[in-house]
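In what follows, a structure is listed as structure tokens, so that the remarks can point back to it.
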Amino acid sequence: MLLDPQAKALLDQMVAAGTPPRHTLPVEEARRLALNVIPLAGEPEEVAYTEDRQIPGPGGDIPARLYYPKHGGDGPYPALVYFHGGGWVIGSIETLDPVCRSLANGAGCVVVSVGYRKAPEHKFPAAVEDAYATTEWVAGNAAELQIDPTRLAVGGDSAGGNLATVVTMLARDKAGPKLVFQLLVYPVTDHYSANTASYQENAEGYYLSRGDMIWFWNHYLADEADAKNPMASPLRAENLSGLPPALVITTEYDPLRDEGESYAARLKQAGVAVQQTRYDGMIHNFFRLGGIIDAGKAAINEACTALRAAFAKAG
Numbered sequence: 483m484l485l486d487p488q489a490k491a492l493l494d495q496m497v498a499a500g501t502p503p504r505h506t507l508p509v510e511e512a513r514r515l516a517l518n519v520i521p522l523a524g525e526p527e528e529v530a531y532t533e534d535r536q537i538p539g540p541g542g543d544i545p546a547r548l549y550y551p552k553h554g555g556d557g558p559y560p561a562l563v564y565f566h567g568g569g570w571v572i573g574s575i576e577t578l579d580p581v582c583r584s585l586a587n588g589a590g591c592v593v594v595s596v597g598y599r600k601a602p603e604h605k606f607p608a609a610v611e612d613a614y615a616t617t618e619w620v621a622g623n624a625a626e627l628q629i630d631p632t633r634l635a636v637g638g639d640s641a642g643g644n645l646a647t648v649v650t651m652l653a654r655d656k657a658g659p660k661l662v663f664q665l666l667v668y669p670v671t672d673h674y675s676a677n678t679a680s681y682q683e684n685a686e687g688y689y690l691s692r693g694d695m696i697w698f699w700n701h702y703l704a705d706e707a708d709a710k711n712p713m714a715s716p717l718r719a720e721n722l723s724g725l726p727p728a729l730v731i732t733t734e735y736d737p738l739r740d741e742g743e744s745y746a747a748r749l750k751q752a753g754v755a756v757q758q759t760r761y762d763g764m765i766h767n768f769f770r771l772g773g774i775i776d777a778g779k780a781a782i783n784e785a786c787t788a789l790r791a792a793f794a795k796a797g
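For reference, each letter of the sequence shown is one residue, going 483 to 797 in our numbering.
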């Protein structure tokens, strides 16, 4: 399919503005530029209230923001622990704020947005440790948070999707929180060295480049051997059985397309209930661009519908 006109307009604007390739920038500059995406999500939805917390973690306190749905009653609420994207290097609670508001209202749940430690200051597995510690904390403090621990999901976009997949494996293997769903939005599931067809076809010119992913991975991993670790590359895990049902969203013009779809296929083969949707004509990061790309709104609506169904089934 041809590139979506709204996505093309954004890419054309980036070229006209002389936006430098992400992987050519110092880390702090790349983080600063990531904040420019926030207004592209559209007008932030009003929620009942938000609460910023500091969660005890293995490397110190982990910042988190809780979003309570506007029309959710008094609770206890189902909950989604959400990990932001940004290649484990950029992105933050702030860059995901509009999306988390929409997910909270649309799915009728509390969204816990996690400010995990980022690379290169904190290499793998620091982000994984924070992601799992936060999920355990939410389950363990459910009563105080007005959360129903029997209706707990995890999710994330891009590198955040990677963290969500790993949290489900850790929860299974450590007899940790019982998770009822995983929302994976164009997740990173394998190291760039796999060099899939989508890495080759979409290497340049579609928002996320092959060079960006190499830059992210090189900042994230401390050792080349870590690339084979299923906690970094979950597609390489031997056993994907016993994991929670999933919605896996991918986009056509994205280096990560094939690994996300391969992960969905592996989950199905392992007996996990999976819904996999490819948004043809679309680019990476569209989930956060609902203010200028209609498909972004559609994907959030799809995610909310899937979450509501999972929570209803668990309830």
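Glycine included, each C-beta is placed from N, C-alpha and C at the ideal position.
As the structure is a computational prediction, the values presented were derived from the model and not from experiment.
**Q.** Those residues which DSSP pairs with G637 across a bridge
**A.** Y564 and L665, per the DSSP bridge assignment.
Q: Determine the contact status of K600 and G573, defining contact as a CB-CB distance below 9 Å.
A: A contact, by the Cβ cut-off of 9 Å.
Q | Where L749 falls, given that 16 or more other Cβ within 10 Å makes a residue buried | A | With a 10 Å radius around the Cβ and a threshold of 16 neighbouring Cβ atoms, L749 comes out buried.
Q) Across which residues does DSSP place Q758 in a beta bridge pair? A) Per DSSP, V730.
Q) Can you tell me whether D494 is buried or exposed, with buried defined as 16 or more other CB within 10 angstroms of its CB? A) Classification for D494: exposed.
Q | The beta strand (DSSP E) enclosing P580, as first and last residue numbers | A | Run containing P580: none in the beta strand (DSSP E); it sits in the alpha helix (DSSP H), D579 to A589.
Q. Which residue or residues does DSSP assign as beta-bridge partners of Q536?
A. Per DSSP, P545.
Q. Nearest to R547 by alpha carbon, out of I575, P558 and N783?
A. The shortest C-alpha separation from R547 is found at I575.
(Q) Considering only DSSP beta bridges, list what I629 is partnered with. (A) Assignment of beta-bridge partners to I629 by DSSP yields Y559.
(Q) Which of the three DSSP states is assigned to V593 in this structure? (A) Strand, per DSSP.
Q. Would you say L627 and A646 are within 9 Å of each other, going by their C-beta atoms?
A. No.
Q: Can you check DSSP and say which residues form a bridge with I765?
A: Answer is Y735, bridged to I765.
Q | Per DSSP, cross-strand counterpart(s) of Y531 | A | Under DSSP, Y531 forms a beta bridge with Y550.
Q) Given 8 Å as the limit, is there contact between the region 625 to 641 and the region 565 to 572, that is, 3 or more CB pairs closer than that? A) A contact exists between the region 625 to 641 and the region 565 to 572.
Q: Provide the residue span of the alpha helix (DSSP H) that contains E611, from first to last.
A: Residues A608 to G622.
Q. For T501, is the classification buried or exposed, using 16 other Cβ atoms within 10 angstroms of its Cβ as the cut-off for buried?
A. Classification for T501: exposed.
Q. Going straight from the alpha carbon of G753 to that of Y668, what length do you get?
A. Each residue's Cα considered, the two are about 21 Å apart.
**Q.** Close Cβ partners of V610 (< 6 Å) along its chain, the five nearest in sequence each way excluded
**A.** By the criterion of a C-beta distance shorter than 6 Å, V610 is surrounded in its chain by V648 and M713, once the five residues flanking it on both sides are discounted.
Q: Using three-state DSSP, classify R514 as helix, strand or coil.
A: The answer is helix: DSSP assigns R514 an H, G or I state.
Q | Contacting residues, own chain, Cβ-Cβ under 6 Å from D612 (five flanking each side not counted) | A | Non-local C-beta neighbours of D612 in its own chain, meaning closer than 6 Å and more than five positions away in sequence, comprise G539, I544, Y598 and R599, ordered along the chain.
**Q.** Straight-line gap, L690 to M764 (C-alpha atoms, nearest Å)
**A.** Straight through space, the alpha carbons of M764 and L690 are spaced by roughly 12 Å.
Q: Kindly indicate which three-state DSSP category W697 falls into: helix, strand or coil?
A: The three-state secondary structure of W697, taken from DSSP, is helix.
Q. Do three or more CB pairs link the region 509 to 518 to the region 784 to 792 at distances below 8 Å?
A. The region 509 to 518 and the region 784 to 792 do not touch, with fewer than 3 CB-CB distances between them shorter than 8 Å.
Q) Where E784 and S675 are concerned, what is the direct C-alpha to C-alpha distance, given to the nearest angstrom? A) Answer to the nearest angstrom: the Cα atoms are 31 Å apart.
Q | Contact the region 725 to 739 vs the region 688 to 704: 3+ CB pairs below 8 Å | A | Judged by Cβ distances under 8 Å, the region 725 to 739 makes contact with the region 688 to 704, as three or more pairs qualify.
(Q) I need the boundaries of the alpha helix (DSSP H) containing K461, first residue and last residue. (A) Lying before the first or after the last residue shown, residue 461 is absent from the chain, which here runs from 483 to 797.
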